[in-house]
Amino acid sequence: MNRLPASFLPSLALDPQSESPMYRQIYEWFRRAIVDGQVRPGQRVPSTRNLAAELKISRIPVFNAYEQLCAEGYLETFVGAGTCVARSIPDEKLRPPVRRGPSGSRKSAESTGPRRISHRGTAFTNFPPQSWLNSLGAFRVSLPALDEFPIRIWSKLVARHSRTLHREIMGYGDAMGHLPFREAVAHYLATARGVRCKSSQILVTTGSQQALQICAQVLLDPKDCVAIEEPGYPGARQAFLSAGSRLIPVRVDDEGIKVTELTGCGDDLRAVYITPSHQYPLGMTMSATRRMQLLNWAAHSGTWIIEDDYDSEYRFESRPIVSLQGLDNCARVIYIGTFSKVLFPALRLGYVVLPEDLVHAFSAYRDASDIFSSTLYQAVLTDFIQEGHFARHLRRMRMLYMERRNMLVRTIDAQLGKKLEVVGAEAGMHLVTLLPRGVDDSAIARKAAERGISVMPLSSCYLGRPVRNGLVLGYGGASPPQIGDAMHELKKLIQH
Ligand SMILES: Cc1ncc(COP(=O)(O)O)c(C=O)c1O
426 MNRLPASFLP SLALDPQSES PMYRQIYEWF RRAIVDGQVR PGQRVPSTRN
476 LAAELKISRI PVFNAYEQLC AEGYLETFVG AGTCVARSIP DEKLRPPVRR
526 GPSGSRKSAE STGPRRISHR GTAFTNFPPQ SWLNSLGAFR VSLPALDEFP
576 IRIWSKLVAR HSRTLHREIM GYGDAMGHLP FREAVAHYLA TARGVRCKSS
626 QILVTTGSQQ ALQICAQVLL DPKDCVAIEE PGYPGARQAF LSAGSRLIPV
676 RVDDEGIKVT ELTGCGDDLR AVYITPSHQY PLGMTMSATR RMQLLNWAAH
726 SGTWIIEDDY DSEYRFESRP IVSLQGLDNC ARVIYIGTFS KVLFPALRLG
776 YVVLPEDLVH AFSAYRDASD IFSSTLYQAV LTDFIQEGHF ARHLRRMRML
826 YMERRNMLVR TIDAQLGKKL EVVGAEAGMH LVTLLPRGVD DSAIARKAAE
876 RGISVMPLSS CYLGRPVRNG LVLGYGGASP PQIGDAMHEL KKLIQH
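Using the working numbering, the first residue of the sequence shown is number 426, and each one after it goes up by one.
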């Protein structure tokens, strides 16, 4: 390493092995030294010739570094008087303090004074860490069979669109989404889910999580109340928290959310969030009676219903249940869907079907936040749907998930039959195994995560005190050998 004498300037060390070029290292060193007050405004710096000679390098990198530092206002040059630190740089008293640890190292930013964040921000950090979501190991909830995705067809379609990128795919798009895509989605929803809508009512989002977040922002003022299922989807809780909403947990039974309990929720209740086709996480379907009661109550109380239809394409014993939106004659239901489960989560494409009078507010909100979702994948997915690949993939996955579900139920039964009760296995990509009372499901989930097994504790789905403990096991992304091996490990953890 070439060093400049300490008597002249603080030590400047160049690292010839570094990936950062010489000029950049010199530039960074001077900038840091000036910002930290190690060299003072007006202080002369060595000429490029002298510095290059001291460092035993060519003049070019030194010259380039000085030029950059002059352009950014750290150094200034005077004809005949050389180069010095810009005199306009504030002196030490006017600069943010640099805190140093005992060894002279820069201390972390936390020690430089109060660092206030909002109550909402704090509420987020109070959420317990969910270590079980960090891996893609066996039983990761919400994970489809990624290996089974028709990647060759998909890449052909991506290549086709990428080769001929049109202006409307590259430029700014409609906040509501790419029109051909919304038309394809409207058609699919009408035939497969009984949703009644025009393409103009569909807002394309980056997954249903964003859809929930937009609903919370547009429908609710801070401190307004939203009723959520208990137990329910933790991601919805987070979305409503981000809008400053107050959450009211409402119990579910075999027929879905207890509508009679909604009437006692008070006048500040603005919306209710539900998963009627496949309750998350317990898996029951909302009965026809409850659906009627809920729609009736919403129409009379003026409350919005947010229907999250996240995986109802996969129903094994009967035909898919028609959406609640399809039964709603009072335009009270906001319907949310996603391609994360039926295709793959990193696609980040979902949608909201809006009552017509809400379209303007939602579209304006989206425009003000992240404007619109990437158009390229919307165009690719339009072709994927229209050319029949989507329907074919759904049919294949329904069979595959049914086989995986059957194998998981058999394995649980064979290995732990007496200890675990299975619930909610009729549809979707996950089921719940109830644990004997008193067994700590979070502790099992944490230990399982250390072994690369990703089970979700049922207790994490309760806002209040958990009524039951259990494990939510996603089987969509777990191959048969994985299911066998992971159950073997889980058995040891449960029996321990
Ligand atoms: C019930 C439910 N809603 C919404 C989501 C969010 O899905 P995404 O944002 O990937 O579309 C999930 C994901 O697991 C879910 O399980």
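Note that the Cβ used here is the ideal one computed from N, Cα and C, for glycine as well.
Note that the structure is predicted; figures quoted are calculated from it, not measured.
Rounded C-alpha distance that separates residue i from residue j
| i | j | result |
| --- | --- | --- |
| H855 | I731 | 22 angstroms |
| S445 | A868 | 45 angstroms |
| S765 | R871 | 25 angstroms |
| A713 | S737 | 16 angstroms |
| G775 | T508 | 57 angstroms |
| K844 | E742 | 26 angstroms |
| S879 | S556 | 8 angstroms |
| F665 | V675 | 15 angstroms |
| Q920 | D910 | 16 angstroms |
| V857 | L719 | 26 angstroms |
| A804 | T589 | 12 angstroms |
| A611 | R577 | 26 angstroms |
| G849 | E593 | 44 angstroms |
| L859 | F549 | 28 angstroms |
| R469 | V510 | 6 angstroms |
| R817 | I627 | 24 angstroms |
| Y887 | G657 | 6 angstroms |
| A431 | A496 | Residue placement at A431 cannot be trusted, given a pLDDT of 38 that sits under 50; what the coordinates show is reported in the next sentence. Distance between the alpha carbons of A431 and A496: 27 angstroms. |
| P441 | L500 | 25 angstroms |
| Y452 | S513 | 19 angstroms |
With 16 other Cβ atoms within 10 Å as the buried cut-off, status of residue i
| i | result |
| --- | --- |
| T502 | exposed |
| V767 | buried |
| F552 | exposed |
| I761 | buried |
| D734 | buried |
| M425 | Since the first and last residues shown for the chain are 426 and 921, residue 425 lies out of range. |
| F809 | buried |
| L561 | exposed |
| S670 | buried |
| T630 | buried |
| R545 | exposed |
| A661 | buried |
| G689 | exposed |
For residue i: DSSP bridge partner residues
| i | result |
| --- | --- |
| M881 | V897 |
| T630 | G775 |
| I698 | Note on identity: in this sequence residue 698 is Tyr, with Ile being the wrong assignment. Y698 is bridged to I653, I731. |
| D678 | G681 |
| R740 | A852 |
Residue closest to residue i, alpha-carbon to alpha-carbon, out of the options
| i | options | result |
| --- | --- | --- |
| C393 | E608, Q634, Q635 | In the structure displayed, the chain extends from 426 to 921; residue 393 sits before or after that span and is not available. |
| A756 | R823, P745, H703, A724 | A724 |
| P701 | L645, P861, R618, L772 | R618 |
| P466 | R456, G853, R484 | R456 |
| L896 | Q750, R565, M832 | R565 |
| L439 | R862, V777, L480 | L480 |
| M822 | S904, P605, L752, S798 | S904 |
| E875 | L915, G899, G863 | L915 |
| L582 | A458, F815, D795 | F815 |
| A650 | W722, G632, M711, W729 | Inspection of the sequence shows that residue 650 is occupied by Cys rather than by Ala. Checking every option, the nearest Cα to that of C650 belongs to W729. |
Check: residue i C-beta below 7 angstroms from any heavy atom of ligand 3
| i | result |
| --- | --- |
| L896 | The model depicted lacks ligand 3 and carries ligand 1 instead. |
>> Tell me which residues pass a beta-carbon proximity test against ligand 1: closer than 6 angstroms to any heavy atom, given in chain order.
In response: S567, G632, S633, Q634, Y658, G660, T700, Y705, D733, Y735, T763, S765, P770, G775
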